[in-house]
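Working notes for the structure below.
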Amino acid sequence: MESRRCSCSGVSRCCSVPVAALCDHEESFAVNNAACSSQTTLREKCGVFGVVSRDSQVASSISDGLMALQHRGQESCGIASFDGKDLRVQRGMGLVHEFFDARKLQYLIGKVGVGHVRYSTTGSSDVENAQPFLFDGPRVKFAVALNGNLTNYLELKEELVAKGQVLTSTTDTEVIGHLLAAEFLKRVEIFSAVKNVMAKIEGAYSLLILTDHGRLIAVRDPLGFRPLCIGRKGDSVIIASESAALDVVEAEFERDVKPGEVFVVDSVSAVRSKQFAGARKAHCMFEWVYFARPDSVIEGKSVGKVREKLGEKLAELYPLDVDVVVPIPDSGRSAAYGYCRKSGKRMGEGLIKNRYIWRTFIMPGDKARSNSVRLKLNPARAIVEGKRVALVDDSLVRGTTTRKIAKLVRSAGAKEVHLLVSCPPLKAPCFMGIAFPTYAELAASRKSVEEIRKEVGLDSLNYMAIDGLVEAIGLDKKDLCLACLTDEYPVRISEKTRICCSL
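Under the numbering used here, the residues of the sequence shown are numbered 161 to 663, in order.
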C-alpha cells in the first residue's frame, strides 16, 4: 500500500501512515505539513547561550559558547544582539565556525545577546527554522531561542491559525513567540507575562528571550527536562545549556536555573527571578548517558563521572570473559574506562575515529548513515585480531549502526564480539525534544534482547538495568524522566500522537 509521512504529532519523530488510514489525520497534515523527518535515529536537541556584559561586543563570546555546545546541534546556528536601540540577528545553516565570520560578528554589536545551535526536533531542516526567532510586536521587539520540544505544539498551532495568525516556520519556537507577544501586548509585567505563557505550553523547554529593552530572560520548564545554568565572568552574566560552555569563555559556574524559574537580567547589576513549579522534577536521564559533554555538570552531577559509574555498574552486572574492552568513540569511552577499572580488564582503542566526520545520526537517511559509519570508524587490527572483544556504547536504538560496527570488528579478526550498553533498552519514543524513532522502529520495543543480539550479530548483548542507571546518576528516581525506557510519561501525551508514533 502507498505510504505517506504523517506529521500529526507535531513533535520530534517520524512515522508513515498508509494513505487508506489517513482520515483521522488529514487536518493535521494541512496544519503541520513539515513536522516530521525521514531521519529515524536519535538526534540531539539544541543548545542556547546568552550574555549580558559591559562589553559592547558580546557576539564573539556567544560564538565561542555556541562552539562549545556544537554537539547539541549541528544543523543551523544563530545569534541575536541588542545594540542599544534595536535587535540585530544573524542566523543560517551549518556549523558555528562555518557560518559566523568576522564580518557577521562585527555586525552583531551589543552588550547583550543570545545564541542558538539547532538540530530539528519540531520542524524541518531549513533556514526558516534557524534560531533565534525575531518577533516585532507592537510594544516589544524580542528574540527567542529554545532548547526542547512542546508536546502540545499542534494544538497551540491550530489555535493560532484559527485566530488568523500567519506562521512562517514549522517550529514550536515560533508558537512560543506569538504567545509571548500576545502577553506583552497586554502590558502585564514580565513575570506575569511569562507565567501566563508557561500555563499554556506543555513539554520540555529551556528558553532564552532577548528584548529590545536590553533585557535577557531565561526560562526553564517546571519539570526541568533540559539543563540550563548561570555563570559569571567579572560583571558579566552568562546563561548556557551546559556548564562546559561557561568553562570555554572562562566564566565561573554559579548555579542551575531552577525548574519553573524565570530568571531576568536587566543589566549586569540588576538580576531578579521567580519560580513557578511544584515539587516534581523530570530531568532527562539521556543528558548524563549521552547528550551532554562529559566535562559538564548537571544538577550537581558530573556527566563524566556518571558515565564512569555506569561502566562500573556494567562490570558488576556482566563480568565478561574477554581479552580487551573497546569503547565505541567517543560516547562509550567513559563507561569503558569505568568497566575496566572495576573489572581489571584491559582497555584498547580498537576503533579509530575520523575526527572530520560528525556524529552519524545527523546523516539524512539510512544509506548515508550506514556509509558514514565506515568513514567515521576504522578497526585497529593490532588491537582486536584474535581477541575476544567487548565493545562499550551508550545506547542501542535501531541496531543499524551497531550491526555495522560489529561487522567491522569481526572483519579485523576479532574472535568474539560482545556489546555492553550503558543505557537500558530504549522502548518508547521521546516527546520532549529527542528525535527518537517510532515504537515500531525501536529495536527493544518490538524484539527481545536475544532477538536483537542475533540480528545485530553479537556473541552477547548486555544492557544496563534501570536501577543501575538511577544509582549511577545519583538523583532520586522520581526526579528523572525515564519515559523512553518505561513508556510512562511525566507530561500529557495526546492519544493522536501516541497512535501516530505506533505506526
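Here a beta-carbon is modelled for each residue, glycine too, at the ideal position from N, C-alpha and C.
Check your understanding: With C-beta atoms as the reference, is Arg558 less than 7 Å away from Ala625?
Key -> If you check the CB distance, Arg558 and Ala625 do not come in under 7 Å.
| said: Under DSSP, the beta strand (DSSP E) around Arg606 begins and ends at which residues? | reply: Careful: Arg606 lies outside any beta strand (DSSP E), inside the alpha helix (DSSP H) at Ala603 to Arg606.
Starting from Phe209, follow its DSSP beta bridges and name the residues at the other end. According to DSSP, which records beta bridges pairwise, Phe209 is partnered with Gly275 and Ala400.
query: Which residues in the same chain have their Cβ closer than 6 Å to the Cβ of Arg467, if we skip the five residues on either side of it in sequence?
result: Closer than 6 Å at Cβ, skipping near neighbours: Ser494 and Ala495.
task = Give me the Cβ distance between Gly273 and Ala240, rounded to the nearest whole Å; I'm assuming they're in contact under 8 Å.
result = 6 Å between Cβ atoms; contact.
(Q) Going by DSSP, what residue range makes up the alpha helix (DSSP H) through Phe259? (A) Per DSSP, the unbroken alpha helix (DSSP H) holding Phe259 starts and ends at Val256 to Phe259.
Range of the contiguous beta strand (DSSP E) that encloses Ser555: Neither: Ser555 is in no beta strand (DSSP E) and is coded neither H nor E.
In whole angstroms, give me the CA-to-CA distance for Gly244 and Gln217.
Going by the C-alpha atoms only, they are around 12 Å apart.
key: Cβ-based neighbour list, Phe295, same chain, cut-off 6 Å, excluding 5 preceding and 5 following   = Scanning its chain for C-beta atoms nearer than 6 Å, with the 5 sequence neighbours on each side dropped, one finds around Phe295 the residues Phe302, Gly337 and Ala341, in chain order.
- Message: Rounded to whole angstroms, what is the Cα-Cα separation between Thr331 and Ala632?
- Response: Near 35 Å, if we compare the C-alpha coordinates of Ala632 and Thr331.
Practice problem: Just the C-alpha distance for Leu376 and Gly210, rounded to the nearest angstrom, thanks. | Solution: One C-alpha to the other measures close to 8 Å.
- If we ignore side chains and look at the alpha-carbon of each, how far apart do Asp619 and Glu412 end up? Distance between the alpha carbons of Asp619 and Glu412 is about 47 Å.
Excluding the five sequence neighbours on either side, which residues of its own chain have a C-beta within less than 8 Å of the C-beta of Lys461, listed in chain order? Closer than 8 Å at Cβ, skipping near neighbours: Trp448, Ile633, Gly634 and Leu635.
Note to self: Rounded to whole angstroms, what is the Cα-Cα separation between Ser172 and Ser433?
What the structure shows: Low confidence applies here, because Ser172 scores a pLDDT of 33, under 50, leaving its location unreliable and the question unanswered by this model.
Restricting to Cα atoms, I'd like to know which of Leu388, Arg248, Leu406 and Val335 is closest to Cys310.
Checking the sequence shown, residue 310 turns out to be Leu, not Cys. Residue nearest to Leu310 within the set Leu388, Arg248, Leu406 and Val335 is Val335 (criterion: CA-CA distance).
Just to confirm, is the Cβ distance from Leu367 to Val348 under 7 Å? No; because the gap between Cβ atoms is not below 7 Å, this pair is not in contact.
From Arg248, Val484 and Ala400, pick the residue whose C-alpha is nearest to that of Thr371; which is it?
Shortest Cα-Cα distance from Thr371 to any of Arg248, Val484 and Ala400 involves Arg248.
TODO: Can you grab the Cα-Cα spacing for the pair Glu615 / Lys607, in whole Å?
DONE: Their backbone Cα atoms lie some 10 Å apart in a straight line.
- Secondary structure at Thr562, three-state DSSP: helix, strand or coil? Reduced to three states, the DSSP call for Thr562 is helix.
Which class does Gly471 belong to by DSSP, given the choice of helix, strand or coil? Looking at Gly471 - three-state DSSP - the assignment turns out to be helix.
For this session: Specify whether the segment 309-328 and the segment 390-399 touch according to this definition: at least 3 beta carbon pairs, one from each stretch, less than 8 Å apart.
Result: By the Cβ criterion, the segment 309-328 is not in contact with the segment 390-399, since fewer than three pairs of Cβ atoms, one from each stretch, lie closer than 8 Å.
Next item on the list: Pull up the distance between the alpha-carbon of Leu137 and that of Lys205, whole angstroms please.
Entry: In the structure displayed, the chain extends from 161 to 663; residue 137 sits before or after that span and is not available.
Since Val549 and His578 should fall inside the 8 Å C-beta cutoff, what is the C-beta to C-beta distance between them, to a whole number of angstroms?
That pair is a contact at about 7 Å.
Enumerated in chain order, which unbroken segments of the alpha helix (DSSP H) with a length of 4 residues or greater are wholly contained in the segment 380-444?
-> Within the segment 380-444, the complete alpha helix (DSSP H) runs of at least 4 residues are 403-408.
- On the three-pair Cβ rule with 8 Å, is the segment 643-655 touching the segment 577-595? With the cut-off at 8 Å, the segment 643-655 and the segment 577-595 touch.
Span separating the alpha-carbon of Ala190 from that of Lys355 = Confidence is the limiting factor: at Ala190 the pLDDT is only 26, short of 50, which leaves the residue's position unreliable and the question unanswerable from this model.
Cα separation between Gly324 and Ala400? Answer to the nearest angstrom: the Cα atoms are 35 Å apart.
Problem - Minimum Cβ-Cβ distance from Thr333 to chain B less than 7 Å - result: Here there is only one protein chain, and chain B is not present.
- Message: My assumption, with CB atoms under 8 Å, is that Thr333 sits in contact with Glu288. Please give the rounded CB distance.
- Response: Here Thr333 is actually not in contact with Glu288; their C-beta atoms are around 11 Å apart, not less than 8 Å.
query = Should Lys441 go down as buried or exposed, given a rule of 16 or more other Cβ atoms within 10 Å for buried?
reply = The residue is buried, with at least 16 neighbouring Cβ atoms inside 10 Å.
Around the C-beta of Pro419, are 16 or more other C-beta atoms found within 10 angstroms, so that it is buried, or is it exposed? Label assigned to Pro419: buried.
Item checked: Contacts around Gly464, its chain only, beta-carbon distance under 7 Å, and the 5 residues preceding and following it disregarded -> For Gly464, same chain residues with a beta-carbon under 7 Å away, outside a window of 5 residues either side, are Pro454, Asp455 and Ser494 in chain order.
Report task. Let me know the secondary structure DSSP gives Phe302 once reduced to three states. Result -> Per DSSP, reduced to three states, the secondary structure at Phe302 is strand.
Note the first and the last residue of the continuous beta strand (DSSP E) segment covering Ala240. Taken as a continuous stretch (DSSP letters only), the beta strand (DSSP E) holding Ala240 covers Ser236 to Phe242.
- Cutoff 6 Å; reference Gly238; Cβ partners in own chain excluding five residues on either side: The beta carbon of Gly238 sits closer than 6 Å to the beta carbons of Arg251, His276, Ala290, Gln291 and Pro292 from its chain, once the five residues preceding and following it are set aside; these are given in chain order.
ask   = Is Ala588 buried or exposed, if buried means 16 or more other CB atoms sit within 10 Å of its CB?
value = Ala588 comes out buried.
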